[in-house]
Amino acid sequence: MTTKDLIIQALDEVPESALPEILDYVRGQKAHHSNPLVRKEVWDAYEASLREREEVYRRLADS
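Written out as structure tokens, the structure reads:
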């Protein structure tokens, strides 16, 4: 089984409410790897923002 197959299989187990965040992450990875001009500091700030708001996202998903 390829890594892509494993990712797709894992996505089938993720709640629908979490998928927008995962989609944002995947799009960010795509931009990061396809555009060498993306600076590491910008990506780090984005990831820090997601971590800071993780509890808020979890509470919204559970409500």
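Read in this note's numbering, the sequence shown has 43 at position 43, and its numbers run on one by one without any break.
Glycine included, C-beta positions come from ideal geometry on N, C-alpha and C.
Exercise. Going straight from the alpha carbon of ALA31 to that of ASP44, what length do you get?
Worked result: Spanning the two alpha carbons is a distance of roughly 14 Å.
For this session: Please confirm whether ALA18 and ALA48 have their CB atoms less than 8 Å apart.
Result: no
Exercise. Helix, strand or coil: which one does DSSP assign to GLU13?
Worked result: coil
Exercise. Taking the alpha-carbon positions, what's the GLU16 to TYR46 distance?
Worked result: Going from the Cα of GLU16 to the Cα of TYR46 covers about 22 Å.
Problem set entry | Reference VAL26, options MET1, ILE8, THR2 and ARG53, closest by Cα | ILE8
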